[in-house]
Amino acid sequence: MKLPGAPFLAREAGELRLEGHALAELAARFGTPLFVYSRQAMLSALRAYQRALHGRRHLVCYAMKANSSLAVLQTFAQAGAGFDIVSGGELARVLAAGGEASRVVFSGVGKTRAEMRQALQAGVRCFNAESVPELDTLNEEALALGCRAPVSLRVNPDVDAGTHPYISTGLKGNKFGIAHAQALGAYRHAAALPGLHVVGIDCHIGSQITQLSPYLDALDRLLDLVEAVEAAGIPIHHVDVGGGLGITYTDETPPDAGTLVRALLQRLDERGHGQREVLFEPGRSLVGNAGVLLTEVLVLKPGFTEDGGKNFCIVDAAMNDLVRPAMYEAYMAIEPCSQRSGPAESWDVVGPVCESGDWLGRDRRLAVAPGDKLAVLSAGAYGMAMASNYNTRPRAAEVMVDGPRVHLIREREEARALFAGERLL
Ligand code: LLP
């Protein structure tokens, strides 16, 4: 099987390597649990979008919720990306990493007034507004600051992205966006407010999407609206098609970014919208396959298979480090960092957290022994960014490899830091 993350991730002479660095050695040097990212894999994923968009007015806004570590943001900012943010905290991170507010779009279904002010003062490129009350509040805040807020309306196109219900966002029953049928009215409302300036339209239909057709359907629905809105005398500058492109965790075969971009540009051209600026908000597809989570085998607990028991491989990473399996029953590939000879057996790879839902992989065929280092693959997206301190577990360290260089980009958290802000009675 081709490794997810190839060609940056490869197995050579039994050793799993990321950009040539032996992962077992990085685990020994920095300790586990440890996230390791390939900078070149991230840049190559971004370039796939940028290359296909070459010659068009465009902005690729990295959806930083997927991985908001400063060095990751810095990597993308230096490579010309913008950012899709969903909180004031994310805006602060972008600025701390050297990103420009003028390349930031602010998404999210519940922005606070304070966040709106912060983003207006920073000068973000636009607010992706999700409701009429949000437009009214944003108008008030902009007027109070003596400025106009650039807005794009996030429209819910009501298409099925064909993905996990928790990460499907473009259906009628979802909390996201303005219903397609109400969008024209919402545009009229926005255009009449003196503190707003309508600049675009956007949608985001879900995540880990592995087909082209939902994107094309959503774009068609968006363009129908653009035509109606412009016919009503409200110019729309950009079309933001959101993020959501899937990656390979096991045997998924999503279209590559170039194919997706070209298909969407072609549809824009066919419908006479080729002149519009196009925005993308990819998260997972820029970072997912660029990272792994390294963990050490602590204990093996073979089960009594005669009575249906299971073999448990207990490792030092847990649901607090990587919640995707527990939360979505997501499959993430698990590979030994150094291959060992000997028969493979079926193991449930689980963490030390006191929850039966604390598992990283089920029924995996592995030849393992205590002390071995394992790599959970495709862990660059929604890994560290969703990590918690449950069970008072300090969060993992993070390393970024870049050609011959190895950078520690986040120190391992210390337990005392976790309660440093707390007070005894
Ligand atoms: N734009 C908006 C408005 C979003 O809500 C999202 C993701 C993205 C862009 C980026 O989507 P991506 O390209 O990463 O699929 N924690 C889940 C995924 C949640 C996605 C939420 N929204 C997971 O681990 O699968």
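Residue numbering for the sequence shown follows my numbering, beginning at 2 and increasing consecutively. Positions of the beta carbon are idealized from the N, C-alpha and C atoms, including for glycine.
- Nearest Cα to D317 within the set P303, P395, L47 and T254: P395.
- Taking the Cβ of E282 as the reference point, at least one heavy atom of ligand 1 falls within a distance shorter than 8 Å.
- D257 carries a coil assignment under DSSP once its states are collapsed to helix, strand and coil.
- Across the set I315, G275 and F36, the C-alpha of F36 shows the shortest separation from the C-alpha of H408.
- Going by C-alpha positions, A264 is about 38 Å away from C148.
- The Cβ atoms of S39 and D403 sit closer than 9 Å to each other.
- If you compare the alpha carbons of K311, A14, T254 and R18 with that of P405, the shortest gap goes to R18.
- Take Q41, set aside five residues on each side of it, and the residues of its chain with a beta-carbon closer than 8 Å to its own are F9, E20, D403 and G404, in chain order.
- Distances between the C-beta of V87 and the heavy atoms of ligand 1 include at least one below 8 Å.
- Assignment of S214 by DSSP, reduced to helix, strand and coil, places it in the helix class.
- Spatial neighbours of R58 in its own chain (CB-CB distance under 6 Å, excluding positions within 5 residues in sequence) are listed in chain order as E278.
- Under DSSP, the beta-bridge partners assigned to G83 are C62.
- Our two residues, R30 and A397, have alpha carbons roughly 14 Å apart in a direct line.
- Straight across, the Cα-Cα distance linking L217 with P158 is about 11 Å.
- Just so you know, the alpha carbons of D373 and G243 end up roughly 40 Å apart.
- As for any beta strand (DSSP E) of minimum length 3 sitting wholly inside the region 170-234, the runs are 197-203, ordered along the chain.
- Excluding its 5 nearest sequence neighbours in each direction, I206 has C-beta neighbours in its own chain below 7 Å: P158, V160, A162, T170, G171, P215, A219, G243 and G245, listed in chain order.
- The alpha helix (DSSP H) runs of length 4 or more contained entirely in the region 325-354 are, from start to end of the chain, 325-329.
- For F31, the secondary structure class from DSSP, reduced to helix, strand or coil, is helix.
- Each residue's CA atom was taken as its position, placing A192 and A53 some 33 Å apart.
- Listed in chain order, the beta strand (DSSP E) runs fully inside the region 89-172 are 105-107, 127-130 and 150-157, counting runs of at least 3 residues.
- Of the candidates Y63, T33, L27 and V230, the residue whose Cα lies closest to the Cα of L44 is Y63.
- For V298, the enclosing beta strand (DSSP E) begins and ends at G292 to K302.
- Listed in chain order, the non-local C-beta contacts of S103 below 7 Å within the same chain comprise G124 and R126, local neighbours out to five positions each way being set aside.
- For I210, the distance from the CB to the nearest heavy atom of ligand 1 is below 8 Å.
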